[in-house]
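Only one structure is covered here, and it is reproduced in the block below.
Numbering (our numbering), first residue to last: 2 to 346.
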């Protein structure tokens, strides 16, 4: 999945170039390129599909030329993850009705590639034997309000795969603290494994209107696919797969992931992931000088000389013609800034 805008990470992530196509961690590769190189170790190119906004097709072709053009699924409108996953599922069903699908976000940080691939393969082996939907959960390291949480039914912490009791999307701080203090909750990493038959049955059961849109006079895998998808997406509601399916299904399992993970979706997550100086500052460039400053995040173009003097807890970020200076406690307002400039044009 490569269609998100990442506006919580504005201005470094923006509509022209969302974070999945950017080298935010300055490792020499974009997130989506890293994701491709990771999963291509176990999946051949002709079995890797990328679903994204139609305006990002050329970026994907440049960054991942190995993928066949026919495997780039183009969304005409932003409609969240339920329509996105439905599009891929119904298309793949037409190509192979017995297929198994691994759904992966394109813009997440993984620190241990081999452990990640091992967990995906273990999840596939489980789903091949057990009907249902499998998600991968991560043991929380802090009381984070920007992640979804998965409550497991089993009290046995040594059990790698458990049935899911509840899903909670982005709790308030009080709930996040409670979840973190409990050993029953995992972060929702947004990685899903299922058979094409099982996920389509769940759409039929819990999101019948969406199922009907894709299933009635389906034109996927034909020359009429672009027009068909534009019509379908024009009628779709903006719904996440968590709300539409995962919170309602009685057949959900979670595999406890054994790899370092972050969605790097916010400046707070970026700060938690990066190396800090002696004053807990994070910067992306050796041209940034911080003096008498603490707990700051500075992310600027690599050739920009910047001096930060005598301030604490600021986010200073620049990309293209946008410069943002924001107190870290006001990070939840960043989406508004992106929206303001988008509508001002």
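Don't be surprised by glycine CBs; every beta carbon is placed ideally from N, CA and C. Predicted model only: the values in this text are computed from it and were never measured.
Are any of the Cβ atoms in chain C nearer than 8 Å to that of residue i?
i: residue 38; result: Absence of chain C from the displayed structure is noted, only one protein chain being present.
Report back the beta-carbon spacing between residue i and residue j to the nearest angstrom; my notes put them in contact at under 8 Å.
i: residue 134; j: residue 193; result: 7 Å
i: residue 92; j: residue 292; result: Wrong, their Cβ atoms sit about 55 Å apart, outside the cutoff.
i: residue 255; j: residue 151; result: 5 Å
i: residue 46; j: residue 69; result: 7 Å
i: residue 111; j: residue 262; result: 6 Å
i: residue 132; j: residue 149; result: Not quite, the Cβ-Cβ distance comes to about 23 Å (not below 8 Å), so this is no contact.
i: residue 4; j: residue 79; result: 7 Å
i: residue 74; j: residue 87; result: With a Cβ gap of about 11 Å, residue 74 and residue 87 do not count as contacting.
i: residue 138; j: residue 176; result: So it is not a contact: roughly 17 Å between Cβ atoms.
For the beta strand (DSSP E) that contains residue i, what are its first and last residues?
i: residue 314; result: Unbroken run through residue 314: none, as it is neither H nor E.
i: residue 168; result: 162-169
i: residue 150; result: 150-153
i: residue 37; result: Where residue 37 is concerned, there is no enclosing beta strand (DSSP E), although the alpha helix (DSSP H) it sits in stretches over 32-40.
i: residue 328; result: 323-328
i: residue 73; result: 73-76
i: residue 298; result: 298-300
i: residue 139; result: 134-139
Given that a residue counts as buried once 16 or more other Cβ atoms are within 10 Å of its Cβ, and exposed if not, what is residue i?
i: residue 7; result: buried
i: residue 120; result: buried
i: residue 225; result: exposed
i: residue 196; result: buried
i: residue 315; result: buried
i: residue 168; result: buried
i: residue 258; result: buried
i: residue 217; result: exposed
i: residue 130; result: exposed
i: residue 347; result: The chain is shown from 2 up to 346; residue 347 falls before or after that span and cannot be answered.
i: residue 2; result: buried
i: residue 38; result: exposed
i: residue 236; result: exposed
i: residue 21; result: buried
i: residue 212; result: buried
i: residue 183; result: exposed
Taking residue i as part of the alpha helix (DSSP H), name the residues at either end of that continuous run.
i: residue 178; result: 174-182
i: residue 11; result: Segment: none, residue 11 is in no alpha helix (DSSP H) and carries neither H nor E.
i: residue 118; result: 114-130
i: residue 22; result: Premise fails: residue 22 is in no alpha helix (DSSP H) and is neither H nor E.
i: residue 95; result: 82-96
i: residue 203; result: 197-207
i: residue 226; result: 226-236
i: residue 217; result: Run containing residue 217: none; DSSP gives neither H nor E here.
i: residue 60; result: 58-64
i: residue 269; result: 268-274
Once you ignore the five residues that flank residue i on each side, which residues in its own chain have a CB closer than 7 Å to its CB?
i: residue 277; result: 283
i: residue 94; result: 197, 201
i: residue 9; result: 266, 267, 335, 336
i: residue 42; result: 118
i: residue 234; result: 76, 77, 78, 80, 84
So, for residue i: in the same chain, excluding its five sequence neighbours on each side, which residues have a beta-carbon less than 6 Å away from its beta-carbon?
i: residue 229; result: 220
i: residue 249; result: 207
i: residue 296; result: 281, 313, 314
i: residue 180; result: 150, 186
i: residue 136; result: 193, 255
If you drop the 5 nearest sequence neighbours on each side, which residues of the same chain put their C-beta closer than 8 Å to that of residue i?
i: residue 155; result: 163, 164
i: residue 340; result: 8
i: residue 125; result: 101, 103, 194
i: residue 23; result: 13, 14, 31, 32
i: residue 271; result: 10, 25, 265, 283, 298, 300
Count the C-beta pairs between the stretch 28-42 and the stretch 56-72 that are closer than 8 Å, then say yes if the count reaches three, no if not. yes
I'd like to know if the stretch 288-295 and the stretch 307-314 are in contact, where contact means that at least 3 CB-CB pairs between them fall below 8 Å. yes
Quick test of the definition: if touching needs 3 or more C-beta pairs under 8 Å, does the stretch 75-91 touch the stretch 242-258? yes
Using a Cβ distance threshold of 8 Å, determine whether the stretch 111-119 contacts the stretch 140-151, with at least three qualifying pairs required. no
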